[in-house]
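My numbering puts the first residue of the sequence shown at 1, with every later residue one more than the last.
Every residue, glycine too, gets a C-beta built ideally from N, C-alpha and C.
On a predicted model such as this, the values are computed, not experimentally measured, just so you know.
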Amino acid sequence: MPKLNTKSIAGVTVNRSDFGRMRPVYERLEKRFSTTLHLVATGSHFDQKFGASINEVRESGLPISEIPVTSELPMLSASQITAQLGQLFMELKPDFCLLLGDRHEILASAQAAMYANVPIIHVGGGYITEGAIDDRIRHAVTKLAHYHLVANQQCADLIVQMGENPANVHVVGAPDIDMLRETPVIDRVAFMGELSLKPDKDFILVTIHPETHRIATMAEDIKAAFAVLADRPEQILITAPASEPGADFIFEEILSLTAKRTDVVFRRNLGQCRYVNAMRYAAAIFGNSSSGIIESSYYSVPVVNIGDRQKGRLMAENIMSASWDKNQLAYALDAVLSDEFSASLHALPSPYGDGYSADRIVNFIRKLSKDSELGKPFYIPHKTVERIEV
Numbered sequence: 001m002p003k004l005n006t007k008s009i010a011g012v013t014v015n016r017s018d019f020g021r022m023r024p025v026y027e028r029l030e031k032r033f034s035t036t037l038h039l040v041a042t043g044s045h046f047d048q049k050f051g052a053s054i055n056e057v058r059e060s061g062l063p064i065s066e067i068p069v070t071s072e073l074p075m076l077s078a079s080q081i082t083a084q085l086g087q088l089f090m091e092l093k094p095d096f097c098l099l100l101g102d103r104h105e106i107l108a109s110a111q112a113a114m115y116a117n118v119p120i121i122h123v124g125g126g127y128i129t130e131g132a133i134d135d136r137i138r139h140a141v142t143k144l145a146h147y148h149l150v151a152n153q154q155c156a157d158l159i160v161q162m163g164e165n166p167a168n169v170h171v172v173g174a175p176d177i178d179m180l181r182e183t184p185v186i187d188r189v190a191f192m193g194e195l196s197l198k199p200d201k202d203f204i205l206v207t208i209h210p211e212t213h214r215i216a217t218m219a220e221d222i223k224a225a226f227a228v229l230a231d232r233p234e235q236i237l238i239t240a241p242a243s244e245p246g247a248d249f250i251f252e253e254i255l256s257l258t259a260k261r262t263d264v265v266f267r268r269n270l271g272q273c274r275y276v277n278a279m280r281y282a283a284a285i286f287g288n289s290s291s292g293i294i295e296s297s298y299y300s301v302p303v304v305n306i307g308d309r310q311k312g313r314l315m316a317e318n319i320m321s322a323s324w325d326k327n328q329l330a331y332a333l334d335a336v337l338s339d340e341f342s343a344s345l346h347a348l349p350s351p352y353g354d355g356y357s358a359d360r361i362v363n364f365i366r367k368l369s370k371d372s373e374l375g376k377p378f379y380i381p382h383k384t385v386e387r388i389e390v
């Protein structure tokens, strides 16, 4: 039965990570009679090199449009997305555009919504990640967005500092935690068998992305990290890096490690269910993915956070940060895998919410007026400013 007189929401998903995190939100929006969801899939979803996660989006049963990109260069793919998505917005005329995160494709999507006069709801603003271009993209999307649904009070405070009206900034938690809570548990033996891992032996989950502020030294940094893994007794499970400049260095080291060790398993895209269960069963997480920061405390899994890509995020006590130095990385991995460290990690509080963010996001959208103002006055807490004559 078609929905009548509903609030129409255009969501945009650009990679495997954001789709997994936002899926609980999309599914709730689709089920409600008061909202109509139209999901647009673009970005690296279509790239075989990164696991062709478009298949997972298609299998979800959600209503989708597809905008494949034909260039790996961010400036060209961004221009394609802005043009094609803008045209789609002009046709669909959604009441709101719902975006998550800080990928360059999300900035392009925000530009498309702005040009099409569609108010933007941004989830996941206000983070600080000093080691990647994501920081600038995230803050740029914040300035284009009208409503901000954030993970914690630190994020909310930062967004208000950027001139956003506090009335439009809401702490809802991170939908990442909802994804963990709602993902089905796979039996450990069955999970290990699916991935050709030995069930009687521990494994380390590795997800390493480029540190886009250190491209000049990235090749040597990556070599140091993989040199540490080459000497470990545990099995290694590796997922593909993000589609960013420097990813080729990581792919080279992955191929080199798999050639040296028969107990290294590489999967370009584990899919949401397998990745969540990989975090559940891993002896440790090694890398610089946001999942090692935001989601890991839910399972109290030890984490070695490498470099500056995630610098500035709130970190729970299960995380030990290290530079790209080989000796530091080896020391950190030994430390987090120790019995003493593991024993200290029971019932960790998460700085990123309680796993019910999706309900709060959907309830917020339900209460929004379809006649939202497109204007965005810069918020100044103290409007009376003493003029200084010079």
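Practice task
Go ahead and pull the three-state DSSP assignment for residue 320.
Solution key: strand
Exercise for the section: Use the C-beta contact count for residue 387: other C-beta atoms within 10 angstroms, 16 or more gives buried, fewer gives exposed. Expected result: Interpretation of residue 387 is limited by its pLDDT of 49, a score under 50 that renders its predicted location unreliable; the figure taken from the coordinates is listed afterwards. That one is exposed.
Handout entry: Cutoff 7 Å; reference residue 373; Cβ partners in own chain excluding five residues on either side
Key = none
Handout entry: Per-residue DSSP class, three states only, for residue 357
Key = helix
Practice task
Let me know the alpha helix (DSSP H) ranges lying completely inside the stretch 273-313, each 4 residues or longer, listed in chain order.
Solution key: 291-294 and 296-299
Problem - Backbone secondary structure at residue 177 - three-state DSSP - result: helix
Handout entry: Validate contact between the stretch 82-96 and the stretch 4-16 using beta carbons, cut 8 Å, 3 pairs
Key = yes
Problem - C-beta atoms of residue 180 and residue 237 nearer than 8 Å - result: no
Exercise for the section: Just the C-alpha distance for residue 260 and residue 369, rounded to the nearest angstrom, thanks. Expected result: 59 Å
Exercise for the section: Check whether the Cβ atoms of residue 24 and residue 182 sit closer than 8 Å, and answer yes or no. Expected result: yes
Exercise for the section: Leaving out five residues on either side along the sequence, give the residues of the same chain with a beta carbon under 6 Å from the beta carbon of residue 333. Expected result: 304
Practice task
Would you check if there are 3 or more beta carbon pairs closer than 8 Å linking the stretch 137-155 to the stretch 50-70?
Solution key: no
Exercise for the section: Taking residue 352 as part of the beta strand (DSSP E), name the residues at either end of that continuous run. Expected result: Here residue 352 belongs to no beta strand (DSSP E), and DSSP marks it neither H nor E.
Exercise for the section: Report the residue from 201, 225 and 244 whose alpha carbon sits nearest the alpha carbon of residue 134. Expected result: 244
Exercise for the section: With DSSP collapsed to three states, give me the class of residue 387. Expected result: Residue placement at residue 387 is poorly supported in this model, since its pLDDT is 49, which falls under 50; the coordinates are not used for a value here.
Exercise for the section: Determine the burial state of residue 220: buried for a count of at least 16 other Cβ atoms within 10 Å of its Cβ, exposed for fewer. Expected result: exposed
Handout entry: Spatial neighbours of residue 411 in its chain, beta-carbon cut-off 7 Å, leaving aside the 5 residues before and after
Key = The shown model of the chain, from 1 to 390, leaves out residue 411, and the question about it has no answer.
Exercise for the section: Using only alpha-carbon positions, find the residue among 36, 66 and 276 that is nearest to residue 47. Expected result: 66
Practice task
Go ahead and pull the three-state DSSP assignment for residue 244.
Solution key: coil
Practice task
Express the C-alpha separation of residue 289 and residue 37 in angstroms, rounding to a whole number.
Solution key: 29 Å
Practice task
Find out if the Cβ-Cβ distance for the pair residue 19, residue 57 is shorter than 8 Å.
Solution key: yes
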